[in-house]
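Colleague: Take 84 as the starting number for the sequence shown in the numbering used here and just add one per residue.
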Amino acid sequence: YLGVPVIFCTIAAGLYAWYRVATAVRRDQEENPEAFALHAEAAEGSAKAGLLQPRDVRRYALNNFLFSQTCFNYEDYNGTGKAVCLLPLLKKLYPNNPDKWSERMQSQCTYFNSNPITESLIFGVQASMEEEMAMGREVTNDSITAVKTGLMCPLAGGGDSLLQGVVVPVLCTIGINMALQGNLAGPLFSWGVHTVFLVALVALFYYFGYRGGRSLLEKLFASNLMDY
Numbered sequence: 084y085l086g087v088p089v090i091f092c093t094i095a096a097g098l099y100a101w102y103r104v105a106t107a108v109r110r111d112q113e114e115n116p117e118a119f120a121l122h123a124e125a126a127e128g129s130a131k132a133g134l135l136q137p138r139d140v141r142r143y144a145l146n147n148f149l150f151s152q153t154c155f156n157y158e159d160y161n162g163t164g165k166a167v168c169l170l171p172l173l174k175k176l177y178p179n180n181p182d183k184w185s186e187r188m189q190s191q192c193t194y195f196n197s198n199p200i201t202e203s204l205i206f207g208v209q210a211s212m213e214e215e216m217a218m219g220r221e222v223t224n225d226s227i228t229a230v231k232t233g234l235m236c237p238l239a240g241g242g243d244s245l246l247q248g249v250v251v252p253v254l255c256t257i258g259i260n261m262a263l264q265g266n267l268a269g270p271l272f273s274w275g276v277h278t279v280f281l282v283a284l285v286a287l288f289y290y291f292g293y294r295g296g297r298s299l300l301e302k303l304f305a306s307n308l309m310d311y
């Protein structure tokens, strides 16, 4: 109605939201610095010397990115796809133990529905917890299920709002304007930047999820970062 470009409004609103969150987080950090401190011992413990190599976690991340939503059903939504993606990781954690593979894959076949990009944080943490379980540490299937259940809704809401509600419309708006001027780079720009951005985001979430492990979750909830 005012003739202001939609893309300008979107960017301005995004910057304002970022300012509000950054200000609130900074205030919380000053009032409760202990909650924001990721303990070095916990971080080192979740880095693990053994069982999984960085390439194993990268392969697990790639599997989830490409294939985790290829099997939808009414019983567990896309839990079955998650189980199939977990199999290469299980073969590393439990060599020549198909009974254990079957057991862990069946545990994955529970209802799961989240944003396919931001959920990478969950499965980065799960990779860390699966490794801890294979090493005989105090990790149970119930604790892994609790992590997935507790995080899938917050990450779905944030991921859908930011990615589908902000990133995609902004990139498409830029690409459409370029295409209307006869520029072939318009659709290539929208598709290319979007793909690169998503891959980078998945890699970042997996990295922090796996490296932080359970201590990352403690930090997220103790510091109210998940609420923001």
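Quick reminder that beta carbons are idealized off the backbone N, C-alpha and C, glycines included.
What separation, rounded to the nearest whole angstrom, lies between the Cα atoms of phenylalanine 150 and valine 230?
Modeller: The residue you call residue 150 lines up with position 67 of the sequence shown. The residue you call residue 230 lines up with position 147 of the sequence shown. Distance between the alpha carbons of phenylalanine 150 and valine 230: 21 Å.
Colleague: Return the residue from the list His277, Gly265, Leu263, Tyr160 that minimises the CA-CA distance to leucine 254.
Modeller: In the sequence shown, residue 254 corresponds to position 171, counting from 1. Here the closest residue by C-alpha is His277.
Colleague: Determine which residues share a DSSP beta bridge with asparagine 156 and list them.
Modeller: What you label residue 156 is simply residue 73 of the sequence shown in a count that begins at 1. The partner list for asparagine 156 (beta bridge, DSSP) reads Tyr160.
Colleague: Can you say whether leucine 98 is buried or exposed, counting buried as having 16 or more other CB atoms within 10 angstroms of its CB?
Modeller: Looking up residue 98 in the sequence shown gives position 15. Label assigned to leucine 98: exposed.
Colleague: Straight-line CA distance for isoleucine 257 to isoleucine 90?
Modeller: The residue given as residue 257 occupies position 174 in the sequence shown. The residue given as residue 90 occupies position 7 in the sequence shown. Rounded to whole angstroms, isoleucine 257 to isoleucine 90 spans 8 Å at the Cα level.
Colleague: So, glutamine 191 versus glycine 162, is the Cβ gap smaller than 7 Å?
Modeller: The sequence position of residue 191 within the sequence shown is 108, counting from 1. The sequence position of residue 162 within the sequence shown is 79, counting from 1. Yes, Cβ-Cβ distance for glutamine 191 and glycine 162 is below 7 Å.
Colleague: Is it true that the CB of alanine 210 sits closer than 7 Å to the CB of valine 140?
Modeller: Along the sequence shown, read from residue 1 onward, the residue named residue 140 stands at position 57. Along the sequence shown, read from residue 1 onward, the residue named residue 210 stands at position 127. Their beta carbons are under 7 Å apart, which means valine 140 touches alanine 210 by this criterion.
Colleague: From Met212, Trp101, Gly292, pick the residue whose C-alpha is nearest to that of leucine 238; which is it?
Modeller: By one-based count along the sequence shown, residue 238 stands at place 155. Measuring from the Cα of leucine 238, the nearest candidate turns out to be Gly292.
Colleague: Under the assumption that methionine 188 contacts leucine 169 (Cβ atoms under 8 Å), give the Cβ distance between them as a whole number of angstroms.
Modeller: Position 105 of the sequence shown, counted from the first residue, corresponds to residue 188. Position 86 of the sequence shown, counted from the first residue, corresponds to residue 169. The pair is a contact, with the Cβ atoms about 6 Å apart (cut-off 8 Å).
Colleague: Which same chain residues, not among the five before or five after leucine 281, have their C-beta less than 7 Å away from its C-beta?
Modeller: In the sequence shown, residue 281 corresponds to position 198, counting from 1. Ile200, listed in sequence order.
Colleague: Based on DSSP bridge pairs, tell me the residues matched to phenylalanine 195.
Modeller: As a working mapping, residue 195 is identified with position 112 in the sequence shown. Its beta-bridge partners are Tyr160.
Colleague: Starting from leucine 238, follow the alpha helix (DSSP H) in both directions and report where the run begins and ends.
Modeller: To locate residue 238, count along the sequence shown from 1; it is residue 155. Unbroken alpha helix (DSSP H) run through leucine 238: 224-242.
Colleague: Taking the C-alpha atoms as reference points, what is the distance between tyrosine 160 and glycine 242?
Modeller: Residue numbering aside, residue 160 sits at position 77 when the sequence shown is read from its first letter. Residue numbering aside, residue 242 sits at position 159 when the sequence shown is read from its first letter. For tyrosine 160 and glycine 242, the distance between alpha carbons rounds to 18 Å.
Colleague: Give the straight-line distance between the Cα atoms of threonine 193 and cysteine 236, rounded to the nearest whole angstrom.
Modeller: Within the sequence shown, numbered from 1, the residue matching residue 193 stands at position 110. Within the sequence shown, numbered from 1, the residue matching residue 236 stands at position 153. Roughly 15 Å between the two C-alpha positions.
Colleague: Are there 16 or more other CB atoms within 10 angstroms of the CB of serine 203, so buried, or fewer, so exposed?
Modeller: In the sequence shown, residue 203 corresponds to position 120, counting from 1. So serine 203 counts as buried.
Colleague: Under DSSP, the alpha helix (DSSP H) around threonine 93 begins and ends at which residues?
Modeller: Stepping through the sequence shown from its first residue, residue 93 is reached at position 10. It spans 89-114 - the alpha helix (DSSP H) in which threonine 93 sits, taken as one unbroken run.
Colleague: In terms of residue numbering, what span does the alpha helix (DSSP H) encompassing proline 252 cover?
Modeller: Locating residue 252 in the sequence shown gives position 169, where the first residue counts as 1. From DSSP, the alpha helix (DSSP H) with proline 252 extends over 251-263.
Colleague: Going by CA-CA distance only, name the one from Asn198, Pro88, Ala166 that's closest to lysine 183.
Modeller: The residue you call residue 183 lines up with position 100 of the sequence shown. Ranking Asn198, Pro88, Ala166 by Cα distance to lysine 183 puts Ala166 first.
Colleague: Whole angstroms is fine: what's the gap from tyrosine 102's alpha carbon to phenylalanine 148's?
Modeller: Counted from its first residue, the sequence shown places residue 102 at position 19. Counted from its first residue, the sequence shown places residue 148 at position 65. Distance between the alpha carbons of tyrosine 102 and phenylalanine 148 is about 30 Å.
Colleague: For my contact list, methionine 261 and glycine 269 are in at a C-beta cut-off of 8 Å; report their separation, rounded to the angstrom.
Modeller: As a first step, residue 261 is located in the sequence shown; it is residue number 178 there, counting from the start. As a first step, residue 269 is located in the sequence shown; it is residue number 186 there, counting from the start. Right, the Cβ-Cβ distance comes to about 3 Å (below 8 Å), so this counts as a contact.
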